[in-house]
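What follows is a short report on a single structure.
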Amino acid sequence: MNEIDLDAHLAQAATDIAAATDLAALKDLDGVLLGKKSAITAAKRTLGGLEPDQRRALGLRLNEVRDELTGLLDERRRHLEVGERAAQLENERLDLTELDHGRRLGHRHVITQTWERLEDLFVGMGYTVSEGPEIEDEWHNFGALNFPPDHPARDMYDTLYVNYGDPQSTLLRTHTSPVQVRVMEDQEPPIYSIMPGRVFRSDTADATHMPVFHQIEALVIDRGITFGDLAGTLEAFTTAYFGEGFTSRLRPSYFPFTEPSAEFDIRRPDGSWLELGGCGMVHPNVLTAAGLDPEEWSGFAFGFGLDRLALMRHDIDDLRELFRNDHRFLSQF
Ligand code: PHE
Numbered sequence: 000m001n002e003i004d005l006d007a008h009l010a011q012a013a014t015d016i017a018a019a020t021d022l023a024a025l026k027d028l029d030g031v032l033l034g035k036k037s038a039i040t041a042a043k044r045t046l047g048g049l050e051p052d053q054r055r056a057l058g059l060r061l062n063e064v065r066d067e068l069t070g071l072l073d074e075r076r077r078h079l080e081v082g083e084r085a086a087q088l089e090n091e092r093l094d095l096t097e098l099d100h101g102r103r104l105g106h107r108h109v110i111t112q113t114w115e116r117l118e119d120l121f122v123g124m125g126y127t128v129s130e131g132p133e134i135e136d137e138w139h140n141f142g143a144l145n146f147p148p149d150h151p152a153r154d155m156y157d158t159l160y161v162n163y164g165d166p167q168s169t170l171l172r173t174h175t176s177p178v179q180v181r182v183m184e185d186q187e188p189p190i191y192s193i194m195p196g197r198v199f200r201s202d203t204a205d206a207t208h209m210p211v212f213h214q215i216e217a218l219v220i221d222r223g224i225t226f227g228d229l230a231g232t233l234e235a236f237t238t239a240y241f242g243e244g245f246t247s248r249l250r251p252s253y254f255p256f257t258e259p260s261a262e263f264d265i266r267r268p269d270g271s272w273l274e275l276g277g278c279g280m281v282h283p284n285v286l287t288a289a290g291l292d293p294e295e296w297s298g299f300a301f302g303f304g305l306d307r308l309a310l311m312r313h314d315i316d317d318l319r320e321l322f323r324n325d326h327r328f329l330s331q332f
């Protein structure tokens with residue numbers, strides 16, 4: 000085959016490939032076009048008898064044509080596979096609501112809905128989701144987070160201790176920040192991860208506090224991460240989660256495990272502010288405690304309560320309602 004014939008061959012092959020209506024037909028075509036008995040293979044066999052210049056030119060062109068054919072076949076195959084999969088799903092479809100016979104279907108709890116929405120949003124921003132234990136050791140909840148023993152900062156948290164091991168060595172985690180340490184221990188940076196979970200403090204239940212509540216933590220560790228990255232991420236999160244018209248602000252604050260530290264608030268379109276959580280640049284001592292070199296890595300973290308977001312979204316004014324498990328209440332959301 001010469002170069003002109005090859006063009007015609009390619010054009011004809013493209014038409015045939017586009018006309019293949021199922022994967023079996025496409026497989027046959029693949030054999031015809033690229034197999035041992037194909038025109039391309041036959042043309043390759045003639046190369047040996049050509050002058051070096053001609054041989055090189057035809058050889059190159061044959062490779063190009065083969066690559067183009069392979070590309071066209073692959074593309075068509077993907078297209079047909081999607082179609083066949085859709086047809087198979089449609090065939091196997093089972094309408095579960097038909098089994099319901101008029102009974103009501105349940106749905107996920109408001110907190111779970113909020114939890115999953117937040118996960119979806121951060122996953123969309125490229126974050127992974129990590130988890131840690133609810134019963135923690137003193138090291139992960141406090142020590143590794145740069146709370147020295149007997150430091151008054153530990154009183155920021157009304158800790159519930161578990162009667163296990165040495166006194167005060169085991170506790171119900173008071174925040175999701177210990178998961179930061181566990182993630183840094185387990186994973187090489189760069190780390191972009193969120194850590195949702197249940198946390199515990201010995202608070203008396205009232206309209207805005209529960210001894211068991213939920214937080215979501217975010218941790219970013221990479222090279223050259225700055226406070227600007229933190230502020231930008233919080234702002235991007237705020238508009239993505241709450242919508243246009245919402246913005247965020249940072250106020251100086253103190254946490255032993257971040258330096259500098261800040262509280263972050265959300266500004267609603269009506270101008271009112273909602274305190275959401277704490278944040279800051281991961282303290283070098285925390286990086287070191289988790290086995291990372293603070294000269295090489297830097298990062299930020301933030302954490303906030305999840306329950307309050309659920310309340311806000313549904314205009315619920317008493318946190319306790321969420322945990323009474325009164326079906327008449329929960330089924331509204
Ligand atoms: N863990 C802190 C709290 O529960 C919040 C926080 C998370 C602050 C991450 C800074 C960085 O109060």
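Letter by letter, the sequence shown follows residues 0 to 332 of numbering that gives the first Met the number 0.
From the three backbone atoms N, C-alpha and C, an ideal C-beta is built for every residue, glycine too.
A quick note: this is a predicted structure, and the numbers were derived from the prediction, not measured.
Exercise for the section: Provide the residue span of the alpha helix (DSSP H) that contains V285, from first to last. Expected result: Taking the first residue of the sequence shown as 1, we reach residue 285 at position 286. Run containing V285: P283 to A288, per the alpha helix (DSSP H) assignment.
Handout entry: CA-to-CA distance, H108 to D29, given in whole angstroms
Key = To locate residue 29, count along the sequence shown from 1; it is residue 30. To locate residue 108, count along the sequence shown from 1; it is residue 109. C-alpha of D29 to C-alpha of H108: approximately 52 Å in a straight line.
Handout entry: Inter-residue spacing [alpha-carbon to alpha-carbon] between E67 and Q186
Key = In the sequence shown, counting from the first residue as 1, residue 67 sits at position 68. In the sequence shown, counting from the first residue as 1, residue 186 sits at position 187. Roughly 42 Å separates the two Cα atoms.
Handout entry: Exposure of S271, with buried meaning 16 or more beta-carbon neighbours within 10 Å
Key = Mapped onto the sequence shown, residue 271 falls at position 272. Exposed, by the Cβ-count rule.
Handout entry: Secondary structure of M280, DSSP reduced to three states
Key = As a working mapping, residue 280 is identified with position 281 in the sequence shown. Secondary structure at M280: strand, using DSSP grouped into helix, strand and coil.
Handout entry: T45 versus K36 - alpha carbon distance
Key = Within the sequence shown, the letter at position 46 stands for residue 45. Within the sequence shown, the letter at position 37 stands for residue 36. Roughly 14 Å separates the two Cα atoms.
Exercise for the section: Using only alpha-carbon positions, find the residue among T20, E50, G125 and F146 that is nearest to H334. Expected result: Missing from the structure shown is residue 334; the chain here goes from 0 to 332 and no further.
Handout entry: W138 classed as buried or exposed, judged by whether at least 16 other C-beta atoms fall within 10 angstroms
Key = In the sequence shown, residue 138 corresponds to position 139, counting from 1. Counting Cβ neighbours within 10 Å, W138 comes out exposed, since fewer than 16 surround it.
Handout entry: Whole alpha helix (DSSP H) elements within the segment 125-186, 4-residue minimum
Key = Unbroken alpha helix (DSSP H) stretches of 4 residues or longer found wholly inside the segment 125-186: 137-140 and 176-185, given in chain order.
Handout entry: Integer-rounded CB distance, given that I190 should sit under 8 Å from L229
Key = The residue given as residue 229 occupies position 230 in the sequence shown. The residue given as residue 190 occupies position 191 in the sequence shown. Wrong, their Cβ atoms sit about 14 Å apart, outside the cutoff.
Problem - Spatial distance of G302 from C278 (CA atoms) - result: For this step, residue 302 is matched to residue 303 along the sequence shown. For this step, residue 278 is matched to residue 279 along the sequence shown. Separation of G302 and C278 (C-alpha to C-alpha, rounded to the nearest whole angstrom) is 6 Å.
Problem - Same chain only: Cβ atoms within 8 Å of D316, ignoring 5 sequence neighbours per side - result: Here residue 316 is taken as the residue at index 317 of the sequence shown, counted from 1. Cβ neighbours of D316 beyond the five flanking positions: A206 and L310.
Practice task
Let me know the alpha helix (DSSP H) ranges lying completely inside the segment 213-281, each 4 residues or longer, listed in chain order.
Solution key: If only complete runs of 4 or more residues are kept, the segment 213-281 shows the alpha helix (DSSP H) at 226-241, in order along the chain.
Exercise for the section: Report the residue from K43, A204 and F141 whose alpha carbon sits nearest the alpha carbon of Y156. Expected result: Along the sequence shown, one-based indexing puts residue 156 at 157. The shortest CA-to-CA distance from Y156 to any of K43, A204 and F141 is the one to F141.
Exercise for the section: Please state if the CB of I220 and the CB of P188 are separated by a distance shorter than 8 Å. Expected result: Looking up residue 188 in the sequence shown gives position 189. Looking up residue 220 in the sequence shown gives position 221. In this structure, I220 lies closer than 8 Å to P188 by Cβ.
Handout entry: Helix, strand or coil at F121 according to DSSP, with G and I counted as helix
Key = Locating residue 121 in the sequence shown gives position 122, counting from the first residue. F121: helix per DSSP, three-state reduction.
Problem - I315 in three-state terms, based on DSSP - result: Counted from its first residue, the sequence shown places residue 315 at position 316. I315 falls in the coil class under three-state DSSP.
Handout entry: Between the CA atoms of T69 and P293 - distance to the nearest angstrom
Key = Within the sequence shown, residue 293 is the residue found at index 294, counting from 1. Within the sequence shown, residue 69 is the residue found at index 70, counting from 1. The alpha-carbon separation between P293 and T69 amounts to approximately 49 Å.
Handout entry: DSSP state of A12 mapped onto helix, strand, coil
Key = In the sequence shown, residue 12 corresponds to position 13, counting from 1. In the structure shown, A12 sits in a helix (DSSP, three-state: H, G or I).
Practice task
Give the DSSP bridge partners of A300, in chain order.
Solution key: One-based indexing of the sequence shown puts residue 300 at position 301. The beta-bridge partner set that DSSP reports for A300 consists of L218 and G279.
Handout entry: DSSP three-state assignment for G34, whether helix, strand or coil
Key = Along the sequence shown, one-based indexing puts residue 34 at 35. Here G34 sits in coil by DSSP.
Practice task
Leaving aside the five residues before and after G58 along the sequence, list all residues of the same chain whose C-beta is less than 7 Å from its C-beta, in chain order.
Solution key: What you label residue 58 is simply residue 59 of the sequence shown in a count that begins at 1. The residues are L46.
Practice task
Tell me whether the beta-carbon of A204 lies closer than 8 Å to the beta-carbon of R307.
Solution key: On the sequence shown, position 205 is the one that residue 204 refers to. On the sequence shown, position 308 is the one that residue 307 refers to. Not in contact: A204 and R307 (Cβ atoms no closer than 8 Å).
Exercise for the section: Specify the secondary structure class of F199 as computed by DSSP and reduced to three states. Expected result: Within the sequence shown, numbered from 1, the residue matching residue 199 stands at position 200. In this structure, F199 counts as strand in the three-state DSSP scheme.
Handout entry: Rounded Cβ spacing between V211 and R197 (contact assumed at less than 8 Å)
Key = The count along the sequence shown starts at 1 and reaches residue 211 at position 212. The count along the sequence shown starts at 1 and reaches residue 197 at position 198. With 8 Å as the limit, V211 and R197 qualify as a contact, their Cβ atoms being about 6 Å apart.
Problem - contact_flag[the segment 168-186, the segment 123-131] where n(CB pairs < 8 Å) is 3 or more - result: Yes, they touch.
Practice task
Taking the CB atoms as reference points, tell me whether L25 and A12 lie closer together than 8 Å.
Solution key: The sequence position of residue 25 within the sequence shown is 26, counting from 1. The sequence position of residue 12 within the sequence shown is 13, counting from 1. Going by C-beta atoms, L25 is not nearer than 8 Å to A12.
Practice task
Name the residue from A18, H106 and F199 whose alpha carbon lies nearest to the alpha carbon of V161.
Solution key: Reading the sequence shown from its first residue, position 162 is the one you call residue 161. Of the candidates A18, H106 and F199, the one whose C-alpha sits nearest the C-alpha of V161 is F199.
Practice task
Take L5 as the anchor and find which of D27, T40, L61 and A56 has the nearest alpha-carbon.
Solution key: Position 6 of the sequence shown holds residue 5. Here the closest residue by C-alpha is L61.
Practice task
Measure the alpha-carbon distance for F236 versus L144 and round it to whole angstroms.
Solution key: Your numbering for residue 236 matches position 237 in the sequence shown. Your numbering for residue 144 matches position 145 in the sequence shown. Cα-Cα distance, rounded: 25 Å.
Exercise for the section: Would you check whether the ligand PHE has a heavy atom nearer than 7 Å to the C-beta of A19? Expected result: To locate residue 19, count along the sequence shown from 1; it is residue 20. In this structure, A19 has its CB at a distance of at least 7 Å from all heavy atoms of the ligand PHE.
Exercise for the section: Go through its chain and collect everything with a Cβ distance to S330's Cβ below 7 Å, but skip five positions before and after it. Expected result: Start at 1 with the first residue of the sequence shown, and residue 330 comes out as number 331. If we look at S330 and ignore the five residues flanking it on each side, it has no Cβ neighbours.
Handout entry: Spatial neighbours of L159 in its chain, beta-carbon cut-off 6 Å, leaving aside the 5 residues before and after
Key = Along the sequence shown, read from residue 1 onward, the residue named residue 159 stands at position 160. Within the same chain, L159 has close Cβ partners L171, F199 and S201.
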